[in-house]
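Written out below as structure tokens is the structure these notes cover.
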Amino acid sequence: MRSKPTIRSTIGAAILAAATVAPALPLSAQEPDFKPQITARKALMQLYAFNIGQLGAMAKGSAPYDAAAAAAAANNIATLARLDDSAMWPAGSDNFSTEGTRAMPELWDDMADLRQKGMALAEAADAMAAVAGNGLDALRAAMGPLGGTCSACHKAYREPR
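Numbering-wise, the sequence shown is residues 21 to 181 according to this note's numbering.
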């Protein structure tokens, strides 16, 4: 004669069934989707690159110096540097945890360093905005510090290609 299942045995069977089914669930059901954040921060970086590229071309002489265009590009960079982009960088959206990004996990390990690098970028961008329209020599002098702030963050927190 078979005995009636107890609540304890029913719960045990349910836990066992869940444990065997859970590993078969697709990863997307278990991990957050950071595609919107990664897309947004890539767009932000493209805006930086576009504006810095205009200034760099003028500084190198591959584009004619244009005071109005230089001032506009420099002001764009200064505006971007002051943008609150914190929602674009959620923990777990690194290149070890998700695809489609070169942001290394170390970025989230030392937020004080990241904030310091962000402040350095904002200061260099403000300095560029103050002089970019004042002549080619002034623009060239400000390029090194501005580019240096970009490189500092990229070397520390972006996976090389």
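For glycine and all other residues, C-beta sits at the position ideal for the given N, C-alpha and C.
Remember, predicted model here, so these are calculated numbers, not experimental data.
Query, Result
"Does the separation of the CB atoms of A98 and D146 fall below 8 Å?", "yes"
"Over the uninterrupted alpha helix (DSSP H) stretch that includes G76, give me the two end residues.", "K55 to K80"
"Give the range of the alpha helix (DSSP H) segment to which D157 is assigned.", "L156 to Y177"
"Which residues share a DSSP beta bridge with A123?", "R178"
"Taking 7 Å as the cut-off, is the beta-carbon of P56 closer than that to any non-hydrogen atom of the ligand MG?", "No copy of the ligand MG appears in this structure; indeed no ligand is present at all."
"Could you tell me whether the region 156-168 touches the region 75-87, where touching means 3 or more Cβ pairs closer than 8 Å?", "yes"
"Under 8 Å: do the region 130-142 and the region 49-65 share three or more Cβ pairs, one atom per stretch?", "no"
"Classify T99 as helix, strand or coil using the three-state DSSP reduction.", "helix"
"Would you call V41 buried or exposed, if buried means 16 or more other Cβ atoms sit within 10 Å of its Cβ?", "With a pLDDT of 49 at V41, under the threshold of 50, the modelled position of that residue is not reliable, and the figure given next carries that caveat. Exposed, because fewer than 16 other Cβ atoms sit within 10 Å of the Cβ of V41."
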